[in-house]
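Heads up: the sequence shown runs through residues 9 to 224, numbered per the numbering used here.
Using N, Cα and C, we set each Cβ at its ideal position, and we do this for glycine too.
No experiment lies behind these values; they were computed from the predicted model shown.
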Amino acid sequence: MASRELQTVDKGNARYPPSLVAHLKYEAPETVTAIGNMDILERPTLALFSSVKCPGDLILKTYDLATELRDQGVPVIGGFHSPMEKDCLGILLKGKQPIVICPARSIDTMRIPKEWKTPLDQGRLLILSPFSPGQNRTTAALAERRNLFVAALAATIFIVHAQPGSKTQDLARQAIAWSKPVHTFDHPANSSLTELGVDTAMELGTLIHRKDEVSR
């Protein structure tokens with residue numbers, strides 16, 4: 009049974025993810041806090057992002073993608089904050105694959121949702137935060153920092169939808185600058201992403217087998 013105790017990992021510790029320093033540089037958090045199985049970070053993860061508003065005809069495609077990721081046992085990381093992301097988390101929690109959840113707040117006083125407890129005890133869930141104790145209220149600024157944190161950790165990124173001019177689009181631009189593989193659905197509403205160079209290849213193997221050379 010995995011521990012539900014809070015773990016603290018300082019920069020320089022062997023368990024501190026090297027991809028944070030590689031991508032975030034001086035903005036990498038001095039400490040990350042965790043609840044759950046830190047060993048999940050040893051595997052390449054796929055990050056899921058979506059803007060709050062998502063075109064209706066992408067919703068079913070996203071459900072199918074989340075179901076396939078679950079059934080194939082792909083480790084997934086995310087903040088799972090937007091409605092589409094929350095729906096994906098609900099699908100993923102019903103599987104057996106590893107999941108990393110990164111709230112946009114500190115986790116030292118966070119109440120663990122009941123649907124997270126069994127995956128935690130099974131050792132397939134990690135709750136991870138770059139925020140210091142006391143930062144326990146989610147804000148837009150913390151959410152933006154959290155999303156960069158998630159993108160830096162992930163080996164591959166999938167963006168369901170990014171509204172033009174949104175923070176999600178900015179995140180895609182940053183991930184591409186880091187030379188991260190970034191994917192999205194081939195859909196007219198995602199033209200602002202494809203114009204940035206986001207890949208629309210949808211073979212699952214493309215999403216799950218490419219590894220970021222500095223990720224863990």
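Rounded straight-line distance, which links the Cα of residue j to that of residue i
i: Pro196; j: Lys104; result: 34 angstroms
i: Ala159; j: Gln182; result: 9 angstroms
i: Asn144; j: Ser114; result: 5 angstroms
i: Ser137; j: Asp116; result: 9 angstroms
i: Leu56; j: Phe88; result: 8 angstroms
i: Pro106; j: Thr126; result: 12 angstroms
i: Lys33; j: Arg78; result: 32 angstroms
i: Ala36; j: Asn21; result: 13 angstroms
i: Asp129; j: Tyr71; result: 26 angstroms
i: Lys175; j: Arg12; result: 32 angstroms
i: Pro111; j: Arg153; result: 11 angstroms
i: Ser58; j: Phe157; result: 16 angstroms
i: Leu68; j: Trp186; result: 30 angstroms
i: Lys102; j: Phe139; result: 28 angstroms
i: Arg23; j: Gln80; result: 27 angstroms
i: Val17; j: Pro172; result: 36 angstroms
i: His217; j: Val60; result: Reliability of the predicted coordinates at His217 is poor, the pLDDT of 49 falling under 50, and no value is obtained from them.
Extent of the continuous alpha helix (DSSP H) run through residue i
i: Ala148; result: Ala148 to Leu161
i: Ala55; result: It is not in any alpha helix (DSSP H) - Ala55 instead sits in the beta strand (DSSP E) that spans Leu54 to Phe57.
i: Ala30; result: Pro26 to Leu32
i: Thr117; result: It is not in any alpha helix (DSSP H) - Thr117 carries neither H nor E in the DSSP assignment.
i: Thr202; result: Ser199 to Thr202
i: Asp95; result: Pro91 to Leu100
Contact set for residue i: own chain, Cβ-Cβ below 7 angstroms, skip 5 residues either direction
i: Ala180; result: Ile167, Ala170, Val190, Leu201, Leu204 and Val206
i: Arg224; result: Confidence in Arg224 is poor, its pLDDT being 38 and thus under 50, which makes the residue's placement too unreliable to answer from.
i: Thr53; result: Pro83, Val84, Ile85, Val108, Leu161, Ala162 and Ala163
Cβ shell of residue i (< 8 angstroms), same chain only, five flanking positions each side left out
i: Pro121; result: none
i: Leu100; result: Ala74, Leu77, Arg78, Val84 and Ile107
Closest by C-alpha distance to residue i, when choosing among the options
i: Cys62; options: Leu128, Thr164 and Ser90; result: Ser90
i: Ala198; options: Ala30, Gln177 and Gly142; result: Just to set this straight, residue 198 is Asn in the shown sequence, not Ala. Among Ala30, Gln177 and Gly142, the Cα nearest to that of Asn198 belongs to Gln177.
i: Pro141; options: Ser58, Met118 and Thr208; result: Met118
i: Met46; options: Lys188, Leu133 and Ile165; result: Leu133
i: Lys188; options: Ile165, Asn155 and Gly131; result: Ile165
Spatial neighbours of residue i in its chain, beta-carbon cut-off 6 angstroms, leaving aside the 5 residues before and after
i: Lys19; result: Glu38
i: Lys219; result: Only weak support is given to the placement of Lys219: the predicted model assigns it a pLDDT of 39, under 50, and the question is left unresolved by the model.
i: Asp194; result: Thr208
i: Gln15; result: Ala42
Residue i - containing beta strand (DSSP E), residue span
i: Ile67; result: Ile67 -> not in any beta strand (DSSP E); alpha helix (DSSP H) instead, spanning Gly64 to Asp79.
i: Ser174; result: It is not in any beta strand (DSSP E) - Ser174 carries neither H nor E in the DSSP assignment.
i: Gln15; result: Leu14 to Asp18
i: Ala42; result: Thr39 to Gly44
i: Gly87; result: Element bounds for Gly87: n/a, residue is neither H nor E.
i: Asp108; result: In the sequence as presented, Asp is not what sits at residue 108; that position holds Val. Looking at the DSSP string, the run of the beta strand (DSSP E) that includes Val108 is Ile107 to Ile109.
i: Leu134; result: Leu133 to Ser137
Margin query: Measuring CB atoms only, is the region 91-106 touching the region 141-148, in the sense that at least three cross pairs come out at less than 8 angstroms?
Written below: no
Item checked: Three-pair Cβ contact test at 8 angstroms for the region 64-81 versus the region 29-43 -> no
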